[in-house]
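Just below is one structure, and these are the notes that go with it.
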Amino acid sequence: MENPLVELIAEVKRSYGKDLSLYDSIFLTGVLKNRRIATGTGNLEDYLRYINEHSEEANLLLQALTITYSQFFRDPFTYSFLQQSIIPILVNRKQGGELRIWSAGCAGGQEAYSLAVLIEDAAALAGQPIRYRIFATDISPSALTQARLGSYTEEAVGNCTVRQIRDYFIKTNGMYTVVPLLRQQVDFSNYDLLDSTSAHPSQSIYGDFDLVFCSNLLFYYQPETRFAILRKLTKALSRAGYLVTGETERGFVQDFNKLRMVAPLSTVFQMNGT
Ligand SMILES: C[S@@+](CC[C@H](N)C(=O)[O-])C[C@H]1O[C@@H](n2cnc3c(N)ncnc32)[C@H](O)[C@@H]1O
Numbered sequence: 526m527e528n529p530l531v532e533l534i535a536e537v538k539r540s541y542g543k544d545l546s547l548y549d550s551i552f553l554t555g556v557l558k559n560r561r562i563a564t565g566t567g568n569l570e571d572y573l574r575y576i577n578e579h580s581e582e583a584n585l586l587l588q589a590l591t592i593t594y595s596q597f598f599r600d601p602f603t604y605s606f607l608q609q610s611i612i613p614i615l616v617n618r619k620q621g622g623e624l625r626i627w628s629a630g631c632a633g634g635q636e637a638y639s640l641a642v643l644i645e646d647a648a649a650l651a652g653q654p655i656r657y658r659i660f661a662t663d664i665s666p667s668a669l670t671q672a673r674l675g676s677y678t679e680e681a682v683g684n685c686t687v688r689q690i691r692d693y694f695i696k697t698n699g700m701y702t703v704v705p706l707l708r709q710q711v712d713f714s715n716y717d718l719l720d721s722t723s724a725h726p727s728q729s730i731y732g733d734f735d736l737v738f739c740s741n742l743l744f745y746y747q748p749e750t751r752f753a754i755l756r757k758l759t760k761a762l763s764r765a766g767y768l769v770t771g772e773t774e775r776g777f778v779q780d781f782n783k784l785r786m787v788a789p790l791s792t793v794f795q796m797n798g799t
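Here the working numbering is used: the first residue of the sequence shown is 526, the next is one more, and so on.
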């Protein structure tokens, strides 16, 4: 066999339509190593043979490539910065118009609902409602099912304050379910950020987002694919809109060159020149 990794990538693309070459090589190698251990195959050549003989293995490999871990207020510093600096700017800028937010790669919905909590808190503080809509998208159908259900473990809500738990969740049988007030503000849908035929989720009708979250997703992919995702997200931003990434992904955005960090060490960016 010439190069088992190249053959494996070609086979998965041919049979399952998934292009593994877009994934970051260290990430892909780590996932393949775990699958080799789980299937008891010694090397990639054996694993390729195994995947050809066991059709269910391809699904398990694709699932392993999709890490859907998330939690409420995952990066507390970012959320606190949004609460104190960015949300007040946006509310003031919109002058009563609707705030449009996109949580791209929303996993089980924790990020989208965290943003809804921040806005509801801001509205309570201001003593008047804030109009907003959150479009939350992912490629994992099981993650989207959990997101629509809006029911979470104690660990997932661990970064919420006691007051937020009291105001925004209903506790039943040890699970915390978001209140209808939050649920009604979020529109969940399946959307692949690698889809080159569309600029943004069709549910949003048009892009023009004031705030786009894309956190803990870019690290999956090769640099060119990360840039393609960043190009799509920046095109979907309104003028002077904000893009938020994960803590470990700041460097990827800096390599992209079209965005600037709005405050030192933050994960919040704006297009250059806005
Ligand atoms: C690790 S989770 C991060 C969830 C959340 N954004 C956070 O920071 O906690 C990454 C999510 O990105 C999704 N994802 C990966 N590639 C994607 C793509 N091409 N399009 C849409 N979602 C994608 C995965 O299904 C997964 O739910």
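From the three backbone atoms N, C-alpha and C, an ideal C-beta is built for every residue, glycine too.
Between which two residues does the beta strand (DSSP E) containing residue i stretch?
i      : result
Arg764 : 762-770
Ala661 : 657-663
Asp712 : 711-715
Arg785 : 784-786
Please find out if some non-hydrogen atom of ligand 1 comes closer than 7 Å to the beta-carbon of residue i.
i      : result
Asn741 : yes
Tyr594 : yes
Gln728 : no
Gly771 : yes
Cys631 : yes
Arg539 : no
Ala745 : For clarity, residue 745 is Tyr in the given sequence; the question names Ala instead. Answer for Tyr745: yes, Cβ within range of ligand 1.
Ser665 : yes
Tyr716 : yes
Ala668 : yes
Glu636 : yes
Arg751 : no
Arg775 : no
Closer than 7 Å by C-beta to residue i: which residues in its own chain qualify, once you throw out the five before and the five after it? Chain order, please.
i      : result
Gln795 : Ala765, Tyr767, Leu784, Arg785, Val787
Asp717 : Ile664
Ser639 : Phe597, Phe598, Tyr604
Asp733 : Arg625, Ser763
Val703 : Tyr638, Gly675, Tyr693, Phe694
Val682 : Phe597, Ile690, Phe694, Tyr701
Leu615 : Leu624, Asp735, Leu736
DSSP beta-bridge partners for residue i?
i      : result
Ile695 : Thr702
Val737 : Trp627, Leu768
Ser676 : Thr702
Is there a Cβ from chain C that is less than 8 Å from the Cβ of residue i?
i      : result
Ala668 : In the structure shown, chain C cannot be found, because there is only a single protein chain.
If you drop the 5 nearest sequence neighbours on each side, which residues of the same chain put their C-beta closer than 6 Å to that of residue i?
i      : result
Leu590 : Val556
Pro726 : Phe660, Thr662, Ser714, Tyr716
Leu755 : Phe781
What residue range does the alpha helix (DSSP H) around residue i cover?
i      : result
Gln795 : No alpha helix (DSSP H) holds Gln795; the beta strand (DSSP E) holding it covers 793-796.
Glu645 : 635-651
Phe552 : 550-564
Gln588 : 580-589
Give me, in chain order, the residues of the same chain whose beta-carbon lies closer than 8 Å to that of residue i; leave out the 5 immediate sequence neighbours on both sides.
i      : result
Phe744 : Asp549, Phe552, Gly771, Thr773, Glu774, Phe777
Gly699 : Thr678, Glu679
(Q) Suppose only complete runs of 3+ residues qualify. What are the beta strand (DSSP E) ranges in the stretch 602-629, listed by chain order? (A) The qualifying runs are 624-629.
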